[in-house]
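The numbering of the sequence shown is the numbering used here, which starts it at 163 and goes up by one. The block underneath contains the structure these notes are about, expressed in structure tokens.
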Amino acid sequence: MPRPLHLEPHFSADELKSRYRASGDPVESRRWHLL
Numbered sequence: 163m164p165r166p167l168h169l170e171p172h173f174s175a176d177e178l179k180s181r182y183r184a185s186g187d188p189v190e191s192r193r194w195h196l197l
């Protein structure tokens, strides 16, 4: 079973977008996109 996702409340929309685009792993990228 995967670990629960922990969402940090201090990420701005720009930070989330940056992390989504910078991710090299497709699974991680989709997780950032979901947020």
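Quick reminder that beta carbons are idealized off the backbone N, C-alpha and C, glycines included.
Delimiting residues of the alpha helix (DSSP H) encompassing residue i
i	result
D176	A175 to A184
E170	Taken as a continuous stretch (DSSP letters only), E170 belongs to no alpha helix (DSSP H), as it is neither H nor E.
Reduced DSSP secondary structure (H/G/I, E/B, other) of residue i
i	result
L197	coil
Short Cβ contact (8 Å threshold) for residue i with residue j
i	j	result
L167	R183	no
L196	L169	no
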